[in-house]
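**Q** Residue numbers for the sequence shown follow UniProt numbering, so the first one is 1 and each next one is one higher.
Glycine is no exception: its CB is placed at the ideal position from the N, C-alpha and C atoms.
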Amino acid sequence: MTQDQPLLAVQEALKQCFPVVEEQQGLWQSALRDCQPLLLSLSNLAEQLQAAQNLRFEDVPPLRAFPDLKERLRRKQLWAGDTVLDKLEERLTALLKVRDTVSSHVERVLQTYEQHADTIGMDGVLQASVVSPSVADMLEWLQDIERHYRNSYLKRKCLLSSIQWGDLANIQALPKAWDRISEDEHQTLVQGTGFHLCLHVCFLSLCLSVLQRCPCSASIFFINLMFYVPWRGDMPQFFSLPIPDTLLNVSFFLEE
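1) Just tell me which of D167, I163, R56, A136 has its CA closest to the CA of E71.
2) Could you pull the start and end residues of the alpha helix (DSSP H) that A51 belongs to?
3) Bridge partners for S129 per DSSP, in chain order?
4) Quick check on E114: buried or exposed, where buried means 16 or more other Cβ atoms within 10 Å of its Cβ?
5) Of the choices R64, Y153, E146, whose alpha-carbon is the least far from that of L110?
6) Would you kindly work out how many angstroms separate the C-alpha atoms of D118 and P19, rounded to a whole number?
7) Return the CA-CA distance between K157 and A52, expressed in angstroms with no decimal places.
8) Between the alpha carbons of S43 and K176, how many angstroms are there, rounded?
9) Given a cut-off of 7 Å, decide if E185 and S152 are closer than it, judged by their beta-carbon atoms.
10) Count the other CB atoms, across all protein chains shown, that sit within 10 Å of the CB of S132; report buried if there are 16 or more and exposed otherwise.
11) How long is the line joining the alpha carbons of E99 and Q16, rounded to whole angstroms?
12) Measure from the alpha carbon of T101 to the alpha carbon of each residue in K87, L49, Y149, then state which is nearest.
13) Taking the alpha-carbon of S103 as reference, which of V125, W141, L39 has the nearest alpha-carbon?
14) What is the DSSP secondary structure of G121, reduced to helix, strand or coil?
15) Assign G166 to one of three DSSP states: helix, strand, or coil.
16) Please classify L45 as buried or exposed, where buried requires at least 16 other C-beta atoms within 10 Å of its C-beta.
17) Less than 7 Å between the C-beta atoms of P38 and L88, yes or no?
18) Could you compute how far the alpha carbon of A13 sits from the alpha carbon of G166?
19) With DSSP collapsed to three states, give me the class of V60.
20) For K155, which option in W178, L126, V130, E47 has the closest C-alpha, if you only look at C-alpha atoms?
21) Pick out whichever of L27, S134, L40, Q5 has its Cα sitting closest to the Cα of L174.
22) Assign P67 to one of three DSSP states: helix, strand, or coil.
23) Mark P6 as exposed unless 16 or more other C-beta atoms lie within 10 angstroms of its C-beta, in which case mark it buried.
24) Would you call L126 buried or exposed, if buried means 16 or more other Cβ atoms sit within 10 Å of its Cβ?
25) Please report the Cβ distance between L92 and L160, rounded to the nearest whole angstrom; I am assuming they are in contact, meaning their Cβ atoms lie under 8 Å.
26) Nearest to W28 by alpha carbon, out of A94, S162, H105?
Below you can see the structure in the form of structure tokens.
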């Protein structure tokens with residue numbers, strides 16, 4: 001085994017992992033989008049149940065001929081609510097599958113690194129180049145991403161597990177509580193260490209595409225720009241920098 005082979009093995013594992021994470025992120029976002037209308041339906045049903053509970057059917061003359069109407073209506077509403085909950089459970093299962101898939105691929109990369117850590121050494125792990133961040137940085141990003149999915153899934157599972165038909169106010173507040181989880185995650189990702197989750201995935205996938213299709217000096221400059229520009233908040237400062245015309249169109253780098 002040559003001196004560079006251990007490092008190349010880890011880099012290859014990283015190269016295989018990030019496209020998988022990108023794919024799983026798409027599935028994750030799709031599942032989250034599917035949850036929004038379901039949560040709204042559940043909230044509306046809870047509001048209807050609350051209104052039916054507050055209504056004295058016996059005080060409405062046209063309804064007196066149907067003494068069991070209130071209970072029949074309640075059963076129908078609860079059946080509709082349980083149907084929505086089943087669909088939400090399916091979406092939660094999809095989120096769990098994404099979490100597990102990402103975790104397994106990240107674990108595989110870390111195992112590859114651990115196998116070669118002694119041979120690579122600290123200098124090799126920390127070494128970055130104009131076309132690639134250091135292995136240490138990329139491993140940290142993967143761990144951040146895996147932690148994000150794990151924590152996000154747990155929060156959403158706990159929220160849905162708290163649903164009880166005896167607490168209609170809580171069910172009515174579900175859409176806002178769900179949105180707060182996303183808002184809190186966004187703030188954590190932006191203010192925390194490392195890049196934003198989607199920037200990890202998109203930037204690294206773009207780098208791989210650029211290197212595979214156009215290993216030219218322009219693409220090297222572009223990748224160098226992406227990884228080494230200073231960051232301010234959640235927006236990269238390079239958007240305000242004077243960039244050559246040939247660098248403004250990313251598709252330029254992907255041409256054969």
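**A** Based on what the coordinates show:
1) Among D167, I163, R56, A136, the Cα nearest to that of E71 belongs to R56.
2) 5-54
3) S132
4) Exposed: under 16 other Cβ atoms inside 10 Å.
5) E146
6) 27 Å
7) 29 Å
8) Across the structure, S43 and K176 are spaced so that their CA atoms are roughly 10 Å apart.
9) Against a cut-off of 7 Å, the Cβ pair of E185 and S152 comes out as a contact.
10) S132 should be labelled buried.
11) Checking the sequence shown, residue 99 turns out to be Arg, not Glu. So the two alpha carbons sit approximately 17 Å from each other.
12) Y149
13) W141
14) helix
15) coil
16) buried
17) Reading off the sequence, residue 38 comes out as Leu, not Pro. Taking a C-beta distance under 7 Å as the contact criterion, L38 and L88 qualify as a contact pair.
18) 50 Å
19) coil
20) Ranked by how close their Cα comes to the Cα of K155, the residues W178, L126, V130, E47 have W178 in first place.
21) Closest option to L174, Cα to Cα, is L40.
22) coil
23) buried
24) exposed
25) 6 Å
26) A94
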